[in-house]
Amino acid sequence: MDTKLSYDVAVIGGGAAGFFAAIAIAEARAGTRVVILEASPRVLTKVKVSGGGRCNVTHHLFEPKEFIKRYPRGEKELLGPFHRFGAQQTIAWFAAHGVTLKAEADGRMFPDTNSSQTIIDALQEAQRAAGVELRCRTLVQSIARTSEGFRLNLRQDDSLEARYVVLATGSMSQGLELAKSLGHELVAPVPSLFTFEIEESFLKELAGQSFAQINAQLRVGSAKKSWMQSGPALITHWGMSGPAILRLSAFAARELAEQDYKAELTVNWCGESKGDEVRSLLVQSKHDSAKKNMSNEHPFAFSKRFWEALLAYAQIPGDKVWAQLNNKELQALVEALTAMKLSVCGKGVFKEEFVTAGGIQRQDVDFRSMESRLCSGLYFAGEVLDIDGVTGGFNFQNAWTGAWLAGQHLAERLG
Ligand SMILES: Cc1cc2nc3c(=O)[nH]c(=O)nc-3n(C[C@H](O)[C@H](O)[C@H](O)COP(=O)(O)OP(=O)(O)OC[C@H]3O[C@@H](n4cnc5c(N)ncnc54)[C@H](O)[C@@H]3O)c2cc1C
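Per the working numbering, residue 15 is the first one in the sequence shown, and the count goes up by one each step.
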């Protein structure tokens, strides 16, 4: 091998997974010749914009069995890896590299500076300190096996050789094509973590209304399967957003894509409260507020604007007094409150986090080492795999975990 252009490990992709893998190898085995090859002029660009510029690094949840439930794709495979390098190890890693992570009430963890630049600085500092070489504007166009490892073909007849390769190219098709050329099957990529556009126009007038907890059920096409999520939600100008909705978008990502984002959403605005409990509350109001206008008095924590919209939806005039509420109207109101049917008619954007479902087929990867089962010496980490999590720091944790495992295995392998 040409010593000037040869490396022990070439990491393709200068994102979260690529940096973490390269640092893990070089920190575990000093003197290892590691290079990160990044196509664009800048590195860690997704880290920069992540979490609304704050970078939601991981989630304050230390039980791997619970952690894996946040992955619509990859749940089974990630259990072992999270036992070895989970959220606690991530917190410790960043602490050892000068970054304190703090948890918010909902479990999301951010650097205490509230700036994603802190994470970028820590990763770049660790990369330099560990002696990892970084080459930007270096697109890997193709890859081939050699007797000693791999040849990576770059632009303008340039190439380099490495004994081992870590593919950390995220969801970009060019990276996936590299894996395909080495014999890997790809699961077609589709978006995950998006908001729902809702057809019913009355919702638009309620934009900005938020709910601490709704229960929402999603049915897609004629599929018998449905998805249920509970959690905070928000009505937007185009439909619905918030953790409960984003989780539904993730778990049903593939089926929604197949049905061109047409689905039926059934919302219980009262969260866990069942129809019977809500009916009892309404009957109680009939007695307690008998002479009061229904639009002025109600037993829920909803805003007046939302309550009036519910009455209109159930076709109950707002100036009606509670005593006049008949059984048919009572039933219509219970349904509006606990089982409102809405039509999802499209996919909206969620600016704080976005991820792609699909990528390298999981069964072709050994999750003890992150090495390919089809091509010895080829490793994977991050979003390039058919793994994705719900919003809350789970996607970065997948990147840190896979990258660390690949790094440890490579360091041991190199002796
Ligand atoms: C707006 C936004 C906000 C997000 N916020 C969060 C959050 O707060 N918390 C969270 O957990 N997740 C978040 N995510 C998801 C998270 O950013 C990704 O899951 C994570 O960055 C994936 O890291 P990666 O290293 O696998 O891929 P990437 O970050 O996509 O990095 C891949 C790199 O490989 C390079 N590359 C690709 N092909 C080649 C090639 N052929 N040659 C050389 N280089 C190549 C690309 O240029 C890129 O820099 C967010 C995503 C987005 C888009």
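Backbone N, C-alpha and C define an ideal beta-carbon position, used for all residues, glycine too. All values derive from a computational prediction rather than experimental measurement.
So for residue i, helix, strand or coil by DSSP?
i, result
"Q188", "helix"
"D16", "Confidence at D16 is low in this model, with a pLDDT of 42, below 50, so the placement of that residue should be treated as unreliable; the coordinate-derived value is given next. If DSSP states are grouped into helix, strand and coil, D16 belongs with coil."
"R159", "strand"
"W107", "helix"
"P203", "strand"
"K365", "coil"
"A193", "helix"
"A267", "helix"
"T370", "strand"
"S390", "coil"
"E385", "strand"
"K60", "helix"
"Q138", "helix"
"S240", "strand"
"S287", "coil"
"R151", "coil"
Taking all protein chains shown into account, do 16 or more other C-beta atoms lie within 10 angstroms of the C-beta of residue i, making it buried, or fewer, making it exposed?
i, result
"K60", "buried"
"D16", "With a pLDDT of 42 at D16, under the threshold of 50, the predicted position of this residue should be treated as unreliable, and no value is reported."
"P55", "exposed"
"V154", "buried"
"F76", "exposed"
"S224", "exposed"
"A230", "buried"
"N128", "exposed"
"H312", "buried"
"D302", "exposed"
"D290", "exposed"
"Q422", "buried"
"N412", "buried"
"G27", "buried"
"E367", "buried"
Look at the alpha carbon of residue i and the alpha carbon of residue j, and state the distance between them as a whole number of angstroms.
i, j, result
"W283", "G65", "27 Å"
"L168", "T152", "7 Å"
"L217", "T405", "24 Å"
"A304", "S294", "15 Å"
"E286", "Y85", "23 Å"
"K18", "P203", "Confidence at K18 is low in this model, with a pLDDT of 42, below 50, so its placement is unreliable and the value that follows should be read with caution. Their backbone Cα atoms lie some 37 Å apart in a straight line."
"K288", "A267", "28 Å"
"E199", "Y21", "27 Å"
"A182", "V25", "7 Å"
"I212", "I82", "30 Å"
"Q243", "L58", "32 Å"
"L220", "L92", "40 Å"
"G100", "F33", "17 Å"
"L248", "Y178", "47 Å"
"P331", "K318", "14 Å"
"S271", "E162", "Before going further, note that residue 271 is Ala rather than Ser in the sequence given. So the two alpha carbons sit approximately 42 Å from each other."
"Q227", "G245", "4 Å"
"K239", "A140", "46 Å"
"A164", "E191", "It should be noted that the sequence gives Phe, not Ala, for residue 164. Answer to the nearest angstrom: the Cα atoms are 16 Å apart."
"G235", "V358", "11 Å"
"G184", "G197", "18 Å"
"F108", "G222", "36 Å"
Just to confirm, does residue i get its C-beta within under 7 Å of one of the non-hydrogen atoms of ligand 2?
i, result
"T59", "Ligand 2 is not among the ligands present in this structure, which contains only ligand 1."
Note to self: Within 8 Å, do at least three Cβ pairs link the stretch 337–353 to the stretch 381–397?
What the structure shows: no
Notebook entry, point to check: Could you give the uninterrupted runs of the alpha helix (DSSP H) lying entirely in the stretch 397–427, keeping only those of 4 residues or more?
Noted result: Runs of the alpha helix (DSSP H) inside the stretch 397–427: 408–427.
Next item on the list: Give, in chain order, every unbroken run of the alpha helix (DSSP H) that is at least 4 residues long and sits entirely within the stretch 299–354.
Entry: Runs of the alpha helix (DSSP H) inside the stretch 299–354: 318–327 and 341–352.
Item checked: Three or more C-beta pairs below 8 Å linking the stretch 244–260 and the stretch 322–330 -> no
Notebook entry, point to check: What residue ranges within the stretch 208–234 form continuous beta strand (DSSP E) runs of no fewer than 3 residues, ordered along the chain?
Noted result: 210–212 and 224–234
Margin query: What ranges does the beta strand (DSSP E) occupy inside the stretch 163–187, keeping only unbroken runs of at least 3 residues that lie completely in it?
Written below: Here the runs fully enclosed are 164–167 and 173–181.
Next item on the list: Scan the stretch 21–76 and note each continuous beta strand (DSSP E) run of 3 residues or more that stays entirely inside, going in chain order.
Entry: When DSSP assignments are scanned along the stretch 21–76, the uninterrupted stretches of beta strand (DSSP E) that are 3 or more residues long and fall wholly within it turn out to be 48–51.
Note to self: Assess contact between the stretch 273–280 and the stretch 346–356, defined as three or more Cβ pairs (one per stretch) separated by less than 8 Å. Is contact present?
What the structure shows: Contact holds: three or more Cβ-Cβ distances are below 8 Å.
Checklist line | Stretch-stretch touch, CB-based, cutoff 8 Å, three pairs: the stretch 132–139 with the stretch 39–55 | finding: no
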